[in-house]
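Remarks on the structure that follows.
Numbering (my numbering), first residue to last: 1 to 281.
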């Protein structure tokens, strides 16, 4: 079987999108999210795909990489048609990813894969080691948010110092470039929760076809444990309803102590994604 590889940058052509959808539909697990499907045809997305076609024009394998926050740090994943696995196609696709990263002067990379033994064995064989895991959580939209009267959720309105203080307190100072990206990038909206003029929580919201994604969600460290996080997340579910979306999605590190907060706000686990980095040895 003759196979040819090519690289196509986002936004992808309609024909490529169709081929990728057919390929992903053959897989036993849902790969659309970690394959960055919502970004495939976004003109502002900094991403690319590596495509493996047979000489008959059938797509039998692909890899996709995306610079999620505009910092030259890419996340990528690979999938191969189950009928042609163990024929080095996956390794060739990873070589294509590495070439594409080099061409784009990437400063860092993480490989992402749904947590299973086959993915682990494949990435370990290429010299990658498991770094961390995230749980993708989802919740259906809510027609009513029941936000307490003394709380207000509103779009970010230039309160940069207060927002940075909240997020660096909840995370660390490495989040500052992410804050700037979320504020400036088209398609991302920062929302804040306030009480009597004091910022309690914040998050960035990204709309997709049938869902909204909540990212960089945090409650001020001094205000945690008071129900503000749960109230904000329920508001997000209502926001999804107001936008005609079906659900709210978010990723949480498996070591996050606040998992219970998400569960109380109606979120349920959908899948576990494992992230891998290149071994330094």
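We put the beta carbon where it would ideally sit given N, CA and C, even for glycine.
Residue i versus residue j - alpha carbon distance
i           : j           : result
residue 232 : residue 262 : 10 Å
residue 205 : residue 139 : 15 Å
residue 160 : residue 195 : 17 Å
residue 3   : residue 84  : 11 Å
residue 44  : residue 187 : 9 Å
residue 126 : residue 249 : 31 Å
residue 278 : residue 98  : 12 Å
residue 65  : residue 74  : 6 Å
residue 239 : residue 142 : 8 Å
residue 28  : residue 270 : 15 Å
residue 5   : residue 80  : 13 Å
residue 148 : residue 39  : 35 Å
residue 164 : residue 153 : 17 Å
residue 124 : residue 130 : 8 Å
residue 237 : residue 105 : 38 Å
residue 162 : residue 208 : 28 Å
residue 280 : residue 157 : 43 Å
residue 16  : residue 33  : 17 Å
residue 226 : residue 119 : 40 Å
residue 82  : residue 54  : 15 Å
residue 247 : residue 1   : 42 Å
residue 212 : residue 174 : 25 Å
residue 56  : residue 128 : 33 Å
residue 37  : residue 260 : 29 Å
Status (buried if at least 16 other CB within 10 Å, exposed otherwise) for residue i
i           : result
residue 192 : buried
residue 150 : exposed
residue 90  : buried
residue 182 : buried
residue 25  : exposed
residue 234 : buried
residue 198 : exposed
residue 86  : exposed
residue 229 : buried
residue 109 : buried
residue 145 : buried
Per DSSP, cross-strand counterpart(s) of residue i
i           : result
residue 73  : 108
residue 218 : 202
residue 207 : 212
residue 130 : 276
residue 232 : Answer is none; residue 232 lacks a bridge partner.
residue 113 : 274
residue 53  : 4, 59
residue 9   : 48
residue 188 : 206
Whole-angstrom C-beta distance between residue j and residue i, which should lie under 8 Å
i           : j           : result
residue 52  : residue 76  : That belief does not hold up - the Cβ atoms of residue 52 and residue 76 are roughly 15 Å apart, past 8 Å.
residue 12  : residue 62  : With a Cβ gap of about 10 Å, residue 12 and residue 62 do not count as contacting.
residue 42  : residue 177 : Contact doesn't hold; Cβ gap of about 20 Å is too wide.
residue 78  : residue 93  : 5 Å
residue 167 : residue 216 : 7 Å
residue 221 : residue 265 : Not confirmed; about 19 Å, so no contact.
Residue i vs residue j beta-carbon contact at 8 Å
i           : j           : result
residue 49  : residue 8   : yes
residue 35  : residue 137 : no
residue 319 : residue 203 : An answer regarding residue 319 cannot be provided, because it is not within the stretch 1 to 281 covered by the chain.
residue 67  : residue 47  : yes
residue 252 : residue 135 : yes
residue 273 : residue 101 : no
residue 243 : residue 210 : no
residue 31  : residue 132 : no
residue 59  : residue 14  : no
residue 200 : residue 185 : no
residue 155 : residue 189 : yes
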